[in-house]
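The structure under discussion appears below in the form of structure tokens.
Residue numbers (the UniProt record's numbering): 1 to 217.
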């Protein structure tokens with residue numbers, strides 16, 4: 001397995017959240033072109049790409065998937081959107097946000113799907129082939145009362161310290177799902193375990209329950 005990390009911190013940096021949101025389109029297009037180059041020069045199959053992005057990064061990778069399809073008429077294999085950002089995206093068409101059409105399989109985890117006025121930073125609507133709403137997809141157990149502020153959305157350290165704890169929790173949930181945890185929905189459907197090992201046959205909305213302390217399973 002090869003891993004490529006995209007460092008776009010200069011484009012994502014606050015305090016202007018809406019400029020950072022706009023920058024996702026340009027950076028996403030560049031990532032899409034990189035994927036095309038990896039296919040052309042390293043013979044990497046488009047279907048083998050698994051793109052993982054948090055908050056604004058989820059939408060960025062949606063744009064990357066769109067760019068790959070525009071250039072090649074093929075789709076990347078999978079995009080995992082970790083609590084995609086809500087402000088500047090939720091009320092707009094699927095063309096300007098992550099959507100199930102951006103990859104062969106799109107799985108979404110919502111951990112902060114409350115209105116912005118209630119300090120919720122994540123998108124509330126279902127946008128993937130499968131959408132997970134752990135603990136209802138809102139305030140996560142073990143997180144302190146969260147404060148309103150778009151600045152926290154572009155400052156991951158601030159998120160972890162409580163400014164947007166629920167919005168940041170999704171990263172731990174997905175990471176722990178790789179080797180440590182199986183977050184199955186209440187009905188026990190193991191094909192729809194939340195995170196890395198979800199089956200591509202899984203569809204719909206699911207609401208697994210997690211614990212309040214790491215590793216949250």
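C-beta atoms are modelled at their ideal positions from N, C-alpha and C, and glycine is treated no differently.
Give me whichever residues DSSP pairs with residue 132 in a beta bridge.
109 and 206
Name the two residues that bound the continuous beta strand (DSSP E) containing residue 116.
Run containing residue 116: none; DSSP gives neither H nor E here.
Relative to the C-alpha of residue 82, which candidate in 141, 5 and 174 has its C-alpha closest?
174
Can you give me the C-alpha to C-alpha distance between residue 190 and residue 207, rounded to a whole angstrom?
13 Å
Excluding the 5 residues flanking residue 26 on each side, which residues of the same chain have their C-beta closer than 8 Å to its C-beta?
11
Run through DSSP, which three-state label would residue 188 get?
coil
When you compare only the Cα positions, how much space is there between residue 180 and residue 197?
11 Å
Quick one: using the 10 Å Cβ neighbour count with 16 as the cut-off for buried, is residue 145 buried or exposed?
exposed
Residue 78 and residue 104 - do their beta-carbons sit closer together than 8 Å?
yes
Find the nearest neighbour of residue 112 within the set 97, 91 and 134, judged by alpha-carbon distance.
134
Which value, in whole angstroms, describes the spacing of the CA atoms of residue 43 and residue 35?
10 Å
Kindly list the residues whose CB is nearer than 7 Å to the CB of residue 170, restricted to its own chain and excluding five residues on each side of it in sequence; keep chain order.
54, 82, 83, 109 and 111
Residue 32: first and last residue of the uninterrupted alpha helix (DSSP H) it sits in
17-42
From which residue to which residue does the alpha helix (DSSP H) around residue 62 run?
56-72
How should residue 193 be labelled, buried or exposed, when 16 other C-beta atoms within 10 angstroms of its C-beta is the threshold for buried?
buried
When you compare the CB positions of residue 20 and residue 56, do they come within less than 8 Å of one another, or not?
yes
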